[in-house]
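Take the position in the sequence shown, starting the count at 1, then add 170; the result is the number in my numbering.
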Amino acid sequence: MTDSAYIIRNYKPSDFARYSRLYQETARIEPGEHWPSPQKLREGLGYPNYSSERDLFIVETATGIVGCMNVVSEHQIGRGILNCLIHPEHRRQGLASKLLVHALRRAKELGAAAAQISMRQGDSAAQNALSKLGFSLVRHFRQMKVNMADLNEHETSQAFLRCCHLQSGEEASLTKVQNRSFAGSWGYHPNTVEEITYRLGLSRCSADDVVLANDGNRISGYCWTNITSESEGQIYMIGVDPDYQGQGIGRRVLLAGLSHLKSKCFPVAELTVDSQNKVACTLYESTGFKVHDDILWYEKAVS
171 MTDSAYIIRN
181 YKPSDFARYS
191 RLYQETARIE
201 PGEHWPSPQK
211 LREGLGYPNY
221 SSERDLFIVE
231 TATGIVGCMN
241 VVSEHQIGRG
251 ILNCLIHPEH
261 RRQGLASKLL
271 VHALRRAKEL
281 GAAAAQISMR
291 QGDSAAQNAL
301 SKLGFSLVRH
311 FRQMKVNMAD
321 LNEHETSQAF
331 LRCCHLQSGE
341 EASLTKVQNR
351 SFAGSWGYHP
361 NTVEEITYRL
371 GLSRCSADDV
381 VLANDGNRIS
391 GYCWTNITSE
401 SEGQIYMIGV
411 DPDYQGQGIG
421 RRVLLAGLSH
431 LKSKCFPVAE
441 LTVDSQNKVA
451 CTLYESTGFK
461 VHDDILWYEK
471 AVS
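Written as structure tokens, this is what we have:
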């Protein structure tokens, strides 16, 4: 297909059905990935501080949308995160490179000093393409998984009994402990109460999925669980207030979170961790998690 057959422009609300179809068709051709449902896609377009009509770019032909790239602004840490999808039948046409021009311009408008994008380590074609576009490898994360059947049920259930669930009205407290727990961590952008509340209100999410360790009326640590597929639960985030680190709180909330996921009959739980966070890696390995895949982060300065 010639370049003139492709049009790159900003997303419009009326594009949603065709935008969703891009993911559905890609999932049909490339099954096995955790492709988002139409509902998840719609929810993703509604995040606080994100404008789908300014931050999302699409590639279209006469027959439909065949690619997209969005920019998620994390202005407090000076970066914009890029997410890209090209329909399998339209790859190797230079579409990602063309989308990148628009995305980098938007990232600069949003005040980003750098644009970052992540991918699986096995995607050598994408890695080579990013290198040619001026991106360099900056961080290595590990995706780890554990079989629920291998967990010590007594240990997980006892940990759960020493914790409780997040209650409605505690969103500000969760936001505070999360920001304190991850302050200074690579790639962490401080959250607002509005953002935390929005995420808790997403489909298949609730306050019940956040397990807390408390010291009186103060949250000392938490484990936020999530659902990635019908067969996998996720340890989405674990945080321990700096005042309570080194006291075994992280292990307690991790085990309690796994107990919560096991009660929902998930056979497997997964998580992603920075390979340079040795304390967290050691904790997960001691609980039975094993490396399943590697996630690489690439970065390009926004000039």
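Idealized CB from N, CA, C, for every residue including glycine.
Requested in this report: Please classify threonine 442: does DSSP put it in a helix, a strand, or coil?
Outcome: strand
Requested in this report: Give the C-beta separation of isoleucine 389 and leucine 344 to the nearest angstrom, bearing in mind that I take them to be a contact with Cβ-Cβ under 8 Å.
Outcome: 7 Å
Requested in this report: Express the C-alpha separation of cysteine 333 and serine 327 in angstroms, rounding to a whole number.
Outcome: 10 Å
Query raised in the report: Looking only at DSSP bridge pairs, what is tryptophan 394 linked to?
Result: Residue pairing by DSSP places tryptophan 394 opposite Val380, Met407 in a beta bridge.
Query raised in the report: When the Cα of glycine 391 is compared with those of Val423, Ser376, Thr398, Tyr406, which residue comes out closest?
Result: Here the closest residue by C-alpha is Val423.
Query - Same chain, Cβ closer than 6 Å to isoleucine 247, five either side skipped, listed in chain order - result: His359
Query raised in the report: Would the beta-carbon of leucine 265 fall within 7 Å of that of methionine 239?
Result: no
Requested in this report: Please state if the CB of isoleucine 405 and the CB of glycine 427 are separated by a distance shorter than 7 Å.
Outcome: yes
Requested in this report: Please determine if the segment 365–382 and the segment 335–351 are in contact, where contact requires at least 3 C-beta pairs separated by less than 8 Å.
Outcome: yes
Query raised in the report: Where does glutamine 313 fall in DSSP's three states?
Result: Three-state result, glutamine 313: strand.
Report task. Tell whether a beta-carbon distance below 7 Å holds between methionine 289 and leucine 441. Result -> no
Query - Between the CA atoms of serine 473 and lysine 278 - distance to the nearest angstrom - result: 7 Å
Query raised in the report: For the putative contact between histidine 257 and leucine 192, defined by C-beta atoms under 8 Å, what is the C-beta separation to the nearest angstrom?
Result: 6 Å
Query - Those residues which DSSP pairs with threonine 231 across a bridge - result: Gly234
Requested in this report: Within the segment 266–339, note down every full beta strand (DSSP E) run reaching 3 residues or more, in order along the chain.
Outcome: 284–290, 306–317
Report task. Just grab the DSSP bridge partners of aspartate 464 for me. Result -> Arg312
Query raised in the report: Which class does arginine 261 belong to by DSSP, given the choice of helix, strand or coil?
Result: coil
Query raised in the report: What's the gap between the Cα of proline 201 and the Cα of glutamate 195?
Result: 10 Å
Query raised in the report: Any idea what DSSP makes of leucine 255, helix, strand or coil?
Result: strand
**Report entry** As assigned by DSSP and simplified to three states, the class of leucine 226
**Finding:** strand
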